Amino acid sequence: MKIKTSSLLIAGALLGSAMMPAHANNEAMMDLLKVLRDQGTITAENYELLTSAAKADKESVEAIKMDAEKASNPGYKVTTKGKFKVESDDGKWSFQPIGRVMWDAVSTDDDGDGSNEFQGTELRRARLGFEGKIEDWGYKFEADFAGSDVSLKDAWVGYNTKLADNKLGIKLGQSQIAFGFNTAASSKYMTFIDRPWYADKLTSPARESGVVAKLSGKTWSAATSVTQGSLSGGTADEDTNGTTFALRGTFMPYNAGKDELVQLGASYMNVGSHDSSSQFKNHLTAHEDPFQIKAVSIAAGDFDGSDAFGFDAVGIFGPFHALAEYNGYTAERNSTSNDVDIDSYSVEAGYFLTGESMKLKHGLWDGVKPKSSTGAWQVAARFESTEIDDNANNQEADMWTVGLNYYPTPNLRLMLDYSQVTSFESAGVDQAEPSAIKFRASAKW
19 MKIKTSSLLI AGALLGSAMM PAHANNEAMM DLLKVLRDQG TITAENYELL TSAAKADKES
79 VEAIKMDAEK ASNPGYKVTT KGKFKVESDD GKWSFQPIGR VMWDAVSTDD DGDGSNEFQG
139 TELRRARLGF EGKIEDWGYK FEADFAGSDV SLKDAWVGYN TKLADNKLGI KLGQSQIAFG
199 FNTAASSKYM TFIDRPWYAD KLTSPARESG VVAKLSGKTW SAATSVTQGS LSGGTADEDT
259 NGTTFALRGT FMPYNAGKDE LVQLGASYMN VGSHDSSSQF KNHLTAHEDP FQIKAVSIAA
319 GDFDGSDAFG FDAVGIFGPF HALAEYNGYT AERNSTSNDV DIDSYSVEAG YFLTGESMKL
379 KHGLWDGVKP KSSTGAWQVA ARFESTEIDD NANNQEADMW TVGLNYYPTP NLRLMLDYSQ
439 VTSFESAGVD QAEPSAIKFR ASAKW
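Okay, here's the thing in structure tokens:
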């Protein structure tokens, strides 16, 4: 059987193009077919047939290439290390589920017959939520499911922009007011299981519903907020909670890097009169301690507003850190001239045995990343004192807390605290001096 020369050339051309790179083989095939047509080796009809097949093959290859590029670069990226976050390649939008779980085991000693003690466990926090941004706008929602009722924590929409080299952020909804350090510092990053007595209470409230604005530079920040109480049942009103106006500023007189700095802060808060009753009180040694330090209760309609001042100082020097905060609070009453004055302070110091450092972000504590796979170890101690002048019981108390923290990973932490009240007086009479051993296992994402 005879094989025509043209058939051999075409077969050779097809074989050669198949062995060439995808990008080059179609161009080479087109050039070769053109030469064969011009030399009369193939007919014009065969030339049209073969070039049409080559063009179709080229289009198919380009389509496959585009699909591959699209699959390898979908326009967004997913972060799974320590968190799950989806964000666009250009950084204009993001979405991230957030949450934390904190399980506590507590044993208190009432320094007496044992009738005022607590031994047990508690799911202190079980929060779920999400946060993200769209262009210059941000949002956050987080609720706590630890108690018998769901407690709303953060629920806000915010706007962020730049003024010269500074950052401006505005939040609309429920968020942290512009007052205090220990109250505003997240429970995910606190050195101890419990905050000082004055923090997250009437003397230094945490989240409220309203407007919060913050302007910050590299070494300073200024924030203000106007709120009307925390959201309960979806509402917060002036009659029930009064209007809270707060200011807070921070600056760093010394800043040699993230691991070596000093930050100073000052805060002011004014709460307008309202129709609800109010009282300062807190558990002494632990969240479930039956013993409490407390002031006289101001009856509904008798509260005529309050003022509070706060000063705080933070120092980080490698593995060592120190934090001191003062809180001065005065509540005025309508019925009498006897105001309620509460003065409190706390001083803490900590040291990482494994060489890590505490971190600051937006002027508050941030997460710790262990330097090795064996985790990070931290020891710490805190002294706190509160003095209440309410022309009734006039209570005073001092307490020491020592703690040991272990970070297996940046998202996990085990905490062990021992708290001992060293002085407790009520109306000038010495009271029992309880103590507590507390353990916490926590995870965040």
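Okay, so the sequence shown: first residue is 19 according to our numbering, each after it adds one. Glycine residues also receive a C-beta, built at the ideal position from the N, C-alpha and C atoms. Every value quoted in this text rests on a predicted model; they were computed, and no experiment measured them.
Skipping 5 residues on each side, what residues in its chain have a beta carbon closer than 6 Å to that of Ala173?
Excluding sequence neighbours, Ala173 sits near Phe159, Gly191, Gln192.
So for Tyr65, helix, strand or coil by DSSP?
helix
Hey, which unbroken runs of the beta strand (DSSP E) at 3 residues or more fall wholly within the region 168-218?
169-181, 184-194
Local Cβ density within 10 Å of Asn273, reported as buried at 16 or more and exposed below that:
exposed
Helix, strand or coil at Leu54 [DSSP, three-state]
helix
On the criterion of 16 or more Cβ atoms from any shown chain inside 10 Å, does Leu141 qualify as buried, or is it exposed?
It is exposed - the Cβ of Leu141 has fewer than 16 other Cβ atoms within 10 Å.
Taking just the CA atoms, how far does Arg431 sit from Leu378?
18 Å
For Ser133, is the classification buried or exposed, using 16 other Cβ atoms within 10 angstroms of its Cβ as the cut-off for buried?
exposed
Which residues DSSP lists as bridging Ala111, in chain order:
Note that residue 111 corresponds to Trp in the displayed sequence, not to Ala. Trp111 pairs with Ile152.
Tell me the DSSP secondary structure of Glu374 in three-state form.
Coil.
How would you write the range of the beta strand (DSSP E) that Asp257 sits in, first residue to last?
Counting along the chain, Asp257 falls outside any beta strand (DSSP E), though it belongs to the alpha helix (DSSP H) covering 256-259.
Could you check if Ile360 is buried or exposed, using at least 16 other CB atoms within 10 Å of its CB as the buried criterion?
buried
DSSP beta-bridge partners of Ile334:
Leu279, His339
Can Ala326 and Tyr344 be called in contact, C-beta distance under 7 Å?
no
State buried or exposed for Asp408, treating a residue as buried only when at least 16 other CB atoms are found within 10 Å of its CB.
buried
Can you find the residues in the same chain that come closer than 6 Å, C-beta to C-beta, to His41, ignoring five residues on each side of it along the sequence?
For His41, the pLDDT reaches just 47, beneath the cut-off of 50, and the residue's location in the model is therefore unreliable, leaving the point undetermined.
At what residue ranges does the region 116-155 contain a whole run of the beta strand (DSSP E), taking only runs of 3 or more?
137-152
Are the beta-carbon atoms of Lys219 and Asn352 separated by less than 7 Å?
no
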